[in-house]
Amino acid sequence: MADRKICIYAICKNEMKFVNAWLKNMSEADYIVVLDTGSTDGTYEYLQEDPRVTKVEQKIYDFWRFDVARNDAMKLVPEDTDIYVSTDFDELFEPGWAQVIRDKWTDETTRAEYTYAWSHNETGDPMNVFKYDKIHNKDYHWIFPVHEVLWPNKGWETERRIDLGDAVYLHHWQDLSVPRKNYMDLLELSVKENPDNPHVRHLYSREFILQGRNEEAYSKFFQVLNIDTTWTSPQYRLVLLDTILMLANLSEMKGELDETLYWCNQFLRVDDTYREPYLTAADVYNSRGQYDRALYVLDLMNTKAVRHYSWVEKHANWLTTDKYLYANAYFGLQVYNKALELYNEVLKHEPNNIDVLKRKVACLEML
Numbered sequence: 010m011a012d013r014k015i016c017i018y019a020i021c022k023n024e025m026k027f028v029n030a031w032l033k034n035m036s037e038a039d040y041i042v043v044l045d046t047g048s049t050d051g052t053y054e055y056l057q058e059d060p061r062v063t064k065v066e067q068k069i070y071d072f073w074r075f076d077v078a079r080n081d082a083m084k085l086v087p088e089d090t091d092i093y094v095s096t097d098f099d100e101l102f103e104p105g106w107a108q109v110i111r112d113k114w115t116d117e118t119t120r121a122e123y124t125y126a127w128s129h130n131e132t133g134d135p136m137n138v139f140k141y142d143k144i145h146n147k148d149y150h151w152i153f154p155v156h157e158v159l160w161p162n163k164g165w166e167t168e169r170r171i172d173l174g175d176a177v178y179l180h181h182w183q184d185l186s187v188p189r190k191n192y193m194d195l196l197e198l199s200v201k202e203n204p205d206n207p208h209v210r211h212l213y214s215r216e217f218i219l220q221g222r223n224e225e226a227y228s229k230f231f232q233v234l235n236i237d238t239t240w241t242s243p244q245y246r247l248v249l250l251d252t253i254l255m256l257a258n259l260s261e262m263k264g265e266l267d268e269t270l271y272w273c274n275q276f277l278r279v280d281d282t283y284r285e286p287y288l289t290a291a292d293v294y295n296s297r298g299q300y301d302r303a304l305y306v307l308d309l310m311n312t313k314a315v316r317h318y319s320w321v322e323k324h325a326n327w328l329t330t331d332k333y334l335y336a337n338a339y340f341g342l343q344v345y346n347k348a349l350e351l352y353n354e355v356l357k358h359e360p361n362n363i364d365v366l367k368r369k370v371a372c373l374e375m376l
C-alpha cells in the first residue's frame with residue numbers, strides 16, 4: 010500500500026540554523042510534529058507559523074531526559090499514522106526517501122533499517138556509516154536517559170524488520186560547536202537504572218574517552234566484559250566487539266603494543282570479518298618496523314573482512330585507512346612507487362592530511 014501515512018516526529022531546542030532545510034527535507038512525509046523543549050532563538054515561533062508543520066507544542070522540563078522528551082513527542086503523532094520516523098534537526102534524508110518507505114512497508118513490518126552517515130570528512134565523504142533503525146510502527150517507546158533507544162512494547166520476538174539499504178540514506182550534519190552538556194550525568198543515571206545492561210555500560214565507558222579520561226575509560230571498558238550476560242544475543246554481540254576494540258585502541262594509545270595485539274586477537278576470535286582489528290594490528294607492526302608482517306595482516310584482512318554497516322566499524326577503514334597503512338608498509342620496505350600511489354589515493358579524500366602530504370614528499374624525494 011503506497012498510501013500509508015508517514016509522520017516525522019522530533020524534539021528541538023534553538024534550531025534556527027537548521028529548521029528551514031529540515032522542514033523542506035522532511036516534507037515528503039504526510040505529517041511533521043515537533044516538541045520544542047524551550048527554544049529562545051525563535052525556533053518555536055517559526056514552527057508555529059510554518060504550514061509544513063502539522064503540530065508543534067512546547068514543554069519545559071524540570072529534569073531533562075531524552076527518552077521522556079521523545080516519548081512526549083510521539084504523543085503528538087496523528088492517530089491515522091502508519092509509519093513513525095524519528096529524526097533530529099541536523100539530519101537530512103537523500104531525496105525520495107518517503108516513497109521508498111511507503112513502497113517497501115508491509116502489514117507485517119514493525120521497523121525499518123536504513124543507511125546513516127553520522128559524520129563526514131572535509132570533502133563531504135561519509136565517514137562513520139552504519140545501519141539506523143528509527144523508522145517504526147506505533148508499538149514502540151524510548152528508553153534510557155541519554156543515547157536513548159527504541160524498545161518494542163510487545164517484546165523483541167515481535168519485531169519484523171525490513172532493510173531499506175541505501176535507498177533511504179540519512180546524513181547527520183552535526184553542529185560541533187554545541188557542547189555535550191549533561192551527558193556524563195545522564196549516563197551515570199542510566200547506569201544506575203540499568204546496572205547490568207552492557208549497552209548502557211559501554212556507552213558510559215565511551216564517554217570517558219570523549220572527555221579525554223582514557224585511563225578511566227580503559228578500566229570501565231574492562232568492567233563491561235565482566236557483566237554476566239549472553240554475549241551472543243543480537244543486542245549485545247556488537248557491544249562485546251566494540252568493547253574489545255576500544256581496549257585495543259586505548260592500549261595502543263598508551264604505547265602498550267603487546268596488549269594491543271592481544272585485544273586484536275581476542276576480537277578476531279569472536280569475529281574475523283571486521284577490518285578494525287586487522288588495521289589496528291597492522292598499525293602496530295608498522296610502528297615496530299615489521300613491515301612484512303603488516304602487509305601479511307592487511308592481505309589477510311582483504312580475504313576475511315566484509316562490510317557490516319554496524320557502529321563497530323568506521324567508513325574511513327574502507328575508504329582511506331587501509332591504503333594509508335599499506336602505503337606506510339611499502340614506504341618502510343622502500344617500495345616508494347607503490348607507497349606514492351597509495352598516498353595519492355588517500356589524498357583524494359583527505360587533501361589536507363599533513364602526515365600524508367609529508368610522506369608523499371618523502372616518496373618523491375626517494376624516487
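Position in the sequence shown counted from 1, then plus 9, gives you this note's numbering.
Here a beta-carbon is modelled for each residue, glycine too, at the ideal position from N, C-alpha and C.
Environment of residue i [buried if 16+ CB atoms lie within 10 Å]
i, result
"residue 32", "buried"
"residue 95", "buried"
"residue 312", "exposed"
"residue 359", "buried"
"residue 72", "exposed"
"residue 368", "buried"
"residue 375", "exposed"
Residue i to residue j span [Cα, whole Å]
i, j, result
"residue 282", "residue 308", "13 Å"
"residue 288", "residue 138", "17 Å"
"residue 298", "residue 277", "23 Å"
"residue 140", "residue 324", "12 Å"
"residue 75", "residue 169", "25 Å"
"residue 87", "residue 250", "40 Å"
"residue 263", "residue 319", "26 Å"
"residue 162", "residue 149", "5 Å"
"residue 355", "residue 43", "41 Å"
"residue 183", "residue 133", "13 Å"
"residue 255", "residue 54", "44 Å"
"residue 136", "residue 130", "6 Å"
"residue 79", "residue 344", "55 Å"
"residue 89", "residue 214", "41 Å"
"residue 57", "residue 36", "15 Å"
"residue 143", "residue 70", "24 Å"
"residue 315", "residue 100", "27 Å"
"residue 110", "residue 40", "14 Å"
Cutoff 8 Å: residue i Cβ touching any chain C Cβ
i, result
"residue 325", "This model lacks chain C altogether; it includes just one protein chain."
Expected contact under 8 Å - CB spacing of residue i and residue j to nearest Å
i, j, result
"residue 252", "residue 208", "With 8 Å as the limit, residue 252 and residue 208 do not qualify as a contact, their Cβ atoms being about 10 Å apart."
"residue 23", "residue 49", "6 Å"
"residue 195", "residue 155", "4 Å"
"residue 121", "residue 181", "With 8 Å as the limit, residue 121 and residue 181 do not qualify as a contact, their Cβ atoms being about 18 Å apart."
"residue 98", "residue 38", "15 Å between Cβ atoms; not a contact."
Residues of its chain near residue i, where Cβ-Cβ distance is below 8 Å and the 5 sequence neighbours each way are ignored
i, result
"residue 158", "151, 152 and 208"
"residue 295", "303, 334, 337, 338 and 341"
"residue 259", "218, 223, 226, 227 and 230"
"residue 164", "none"
"residue 118", "146, 169, 170 and 171"
Residues near residue i in its chain [Cβ-Cβ closer than 6 Å; skip 5 each side]
i, result
"residue 348", "336, 339, 340 and 372"
field: Length-filtered (4 minimum) alpha helix (DSSP H) runs lying within the segment 61–115
entry: 75–83 and 106–113
Ranges of the alpha helix (DSSP H) found wholly within the segment 164–213, counting only runs of at least 4: 192–202
task: Quick one: which unbroken alpha helix (DSSP H) runs of 4-plus residues sit fully inside the segment 292–320? Chain order, please.
output: 300–313
field: Contiguous alpha helix (DSSP H) assignments of at least 4 residues, all confined to the segment 224–303
entry: 243–262, 266–279 and 285–296
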